[in-house]
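Trainee: So in the numbering used here, spot 223 of the sequence shown is number 545, and the numbers just go up one at a time.
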Amino acid sequence: MDFLKYTSNIKAGLFLLGFVLIIFLFSYTQGIVNELRNDNGEIVKLYAEIIAETISDENDTNLDFVFDEIIQKAQFPIIYSNTQREPIYSKNINTDKSKLNKVQLTMDEQNEAIPLRYTNPLTNEIILIGYLHYGDSSQIEKLKWLPFIEIGAITLFIFLGFISFSIIRNNEKRNIWVGMARETAHQLGTPISSIMGWLEWLKKKPDDQDKIINDISIDLDRLQQVSDRFSKMGSETKLKEIHLSSIIDNVVLYFNRRIPSMGKSIVIDNQLDSNIKIRANGILISWAIENVVKNAIDALDNEGSITLKSKIDKKYIIIQVEDSGKGILRKDWKNIFRPGFSTKEQGWGLGLSLTSRIIKEIHGGTIYVSKSQQDQGSIIEILLPKLNNAN
323 MDFLKYTSNI KAGLFLLGFV LIIFLFSYTQ GIVNELRNDN GEIVKLYAEI
373 IAETISDEND TNLDFVFDEI IQKAQFPIIY SNTQREPIYS KNINTDKSKL
423 NKVQLTMDEQ NEAIPLRYTN PLTNEIILIG YLHYGDSSQI EKLKWLPFIE
473 IGAITLFIFL GFISFSIIRN NEKRNIWVGM ARETAHQLGT PISSIMGWLE
523 WLKKKPDDQD KIINDISIDL DRLQQVSDRF SKMGSETKLK EIHLSSIIDN
573 VVLYFNRRIP SMGKSIVIDN QLDSNIKIRA NGILISWAIE NVVKNAIDAL
623 DNEGSITLKS KIDKKYIIIQ VEDSGKGILR KDWKNIFRPG FSTKEQGWGL
673 GLSLTSRIIK EIHGGTIYVS KSQQDQGSII EILLPKLNNA N
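1) Alpha carbon to alpha carbon, how far is Leu338 from Ala435?
2) Tell me, to the nearest whole angstrom, how far the beta carbon of Gly686 is from that of Asn613; I am working on the premise that it is less than 8 Å.
3) Count the other CB atoms, across all protein chains shown, that sit within 10 Å of the CB of Leu454; report buried if there are 16 or more and exposed otherwise.
4) Report the CB separation of Leu358 from Ser459 in whole angstroms; it is logged as a contact under 8 Å.
5) Across which residues does DSSP place Lys637 in a beta bridge pair?
6) Nearest CA to the CA of Ile704: which residue from Ser403, Tyr350, Asn433 and Ile611?
7) Between Ile681 and the rest of its own chain, which residues show a CB-CB distance below 7 Å, the 5 nearest in sequence each way excluded?
8) Relative to the alpha-carbon of Ser675, which residue among Glu683, Arg660, Ser664 and Tyr440 has its alpha-carbon at the smallest distance?
9) Identify whether Ser646 lies in helix, strand or coil by the three-state DSSP scheme.
10) Mapping the DSSP letters down to three states, classify Leu422 as helix, strand or coil.
11) Just reading off the alpha helix (DSSP H) that Leu606 is part of, what are its end residues?
12) Tell me Lys526's beta-bridge partners as DSSP assigns them.
13) Terminal residues of the continuous alpha helix (DSSP H) containing Thr677?
14) Considering just the uninterrupted stretch of the alpha helix (DSSP H) at Arg579, what are its terminal residues?
15) Mind checking Pro569: buried by the 16 CB within 10 Å criterion, or exposed?
16) Starting from Thr441, follow the beta strand (DSSP E) in both directions and report where the run begins and ends.
17) How close, in whole Å, do the beta carbons of Ile473 and Asn603 come, if the pair is a contact with beta carbons under 8 Å?
18) Cβ of Leu450 within 9 Å of Cβ of Leu347?
19) Just verifying my parser: in three-state terms, what is the DSSP assignment at Asp324?
20) With three or more beta-carbon pairs closer than 8 Å as the criterion, would you say the stretch 558-578 touches the stretch 514-534?
21) Could I get the ranges of all uninterrupted beta strand (DSSP E) runs contained in the stretch 451-497, with 3 residues as the minimum, in chain order?
22) To the nearest whole angstrom, what separates the beta carbons of Val589 and Ser627, a pair I think is in contact under 8 Å?
23) State yes or no: is the C-beta of Gly363 within less than 9 Å of the C-beta of Tyr440?
24) In angstroms with no decimal places, state the Cα-to-Cα distance between Gln696 and Ile619.
25) Gly626 bridges to which residues according to DSSP?
26) May I ask you to report which of helix, strand or coil DSSP gives Lys682?
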């Protein structure tokens with residue numbers, strides 16, 4: 323339920339952010355449009371002043387000079403009309419004269435027409451000779467569409483990103499479900515097969531029941547451990563102070579029992595400090611380290627060595643798992659912790675991704691490949707938060 327609540331909050335936050343972004347784009351663009359309109363208005367007012375200073379009567383020939391030479395430089399549509407607002411002259415307008423009235427009305431809706439007046443030098447009478455009407459330049463028209471283009475581009479980008487993300491997420495989900503099913507079968511298969519083998523052995527040699535029952539108990543404990551692992555992955559995990567050496571000893575003991583049945587000659591050297599304590603969930607941290615060691619075993623062909631070391635820095639307890647295997651390509655150092663990624667033909671890419679989740683999300687640590695060279699082995703480091711009283 324908490325996850326759904328957070329998901330809803332994220333969606334609402336993204337919607338609000340998108341709404342604010344749209345408002346900002348429109349406001350910012352409209353501000354630029356208004357500035358350009360004001361600039362055009364100032365230019366038209368200047369034209370009007372020039373005309374007023376130039377002409378001496380309504381029919382002055384200087385008026386033709388002003389329109390032909392000065393207003394010719396204007397970069398926006400402009401119309402000169404008489405006192406009855408009938409269009410007489412136009413600039414930067416590609417339309418028939420019969421349609422100038424309609425264009426002029428549109429201009430007046432955008433910008434207020436500027437009256438042309440001159441002062442009669444004899445009577446000092448101010449005479450109205452017409453109006454200058456001006457519209458938005460091509461730059462302003464383009465700016466009007468800019469927010470829609472930007473929003474469309476952003477929407478397309480988000481849409482394509484959402485589709486790509488959904489495809490990747492669905493593939494990861496599919497890999498996780500398949501991997502989980504296989505991992506469950508693998509985890510349960512080994513002790514179940516062993517128990518079945520012990521039961522057959524017990525039927526044939528009932529006199530060995532004490533030893534057989536002891537081995538069956540070990541396999542039953544393993545089954546219980548597998549059940550606990552999967553149940554704790556989906557529930558709130560409690561951490562407590564535990565000895566790291568006890569976890570590692572059990573992992574090494576488990577693999578030392580299994581390695582002979584794999585047909586491999588592998589030596590696991592446990593060099594961890596026996597006094598180190600960590601705050602962890604013993605079942606899950608054991609599973610995480612077990613996955614890393616198993617990955618190291620798979621990296622070895624038939625023989626080799628695996629060394630487990632530990633060290634402590636100012637903030638972390640560091641567990642190093644070093645093997646003498648085939649190594650990991652540099653480009654795959656991060657990929658090996660992704661769900662569904664595997665460099666093994668029969669691998670399903672779940673073990674190390676589960677390990678990464680256990681270390682990072684549950685224990686607040688980190689895991690990474692610190693060193694790897696082809697055919698010379700690899701070192702994977704696990705960093706766990708140091709206890710306050712650790713040395």
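In this text, a Cβ means the ideal position worked out from N, Cα and C, and glycines have one as well. Note that the coordinates shown come from a computational prediction; the quantities given were computed from them, not determined experimentally.
Mentor: According to the structure data:
1) 41 Å
2) Not a contact, Cβ separation roughly 18 Å.
3) buried
4) The C-beta distance from Leu358 to Ser459 rounds to 7 Å, short enough to meet the 8 Å contact threshold.
5) According to DSSP, which records beta bridges pairwise, Lys637 is partnered with nothing at all.
6) Ile611
7) Ala610, Gly687, Thr688, Ile689 and Ile704
8) Answer by Cα proximity: Arg660.
9) coil
10) helix
11) From DSSP, the alpha helix (DSSP H) with Leu606 extends over Gly604 to Ala621.
12) According to DSSP, Lys526 bridges with nothing at all.
13) Gly673 to Arg679
14) Leu566 to Met584
15) Position check: residue 569 holds Ile in this sequence, whereas Pro was assumed. So Ile569 counts as buried.
16) Ile436 to Thr441
17) So it is not a contact: roughly 48 Å between Cβ atoms.
18) No, they are not a contact pair.
19) Reliability of the predicted coordinates at Asp324 is poor, the pLDDT of 48 falling under 50, and the value obtained from them is presented with this limitation in mind. In the three-state reduction of the DSSP assignment, Asp324 falls in the helix class, which pools H, G and I.
20) no
21) none
22) 5 Å
23) Against a cut-off of 9 Å, the Cβ pair of Tyr440 and Gly363 comes out as no contact.
24) 16 Å
25) Ile588
26) helix
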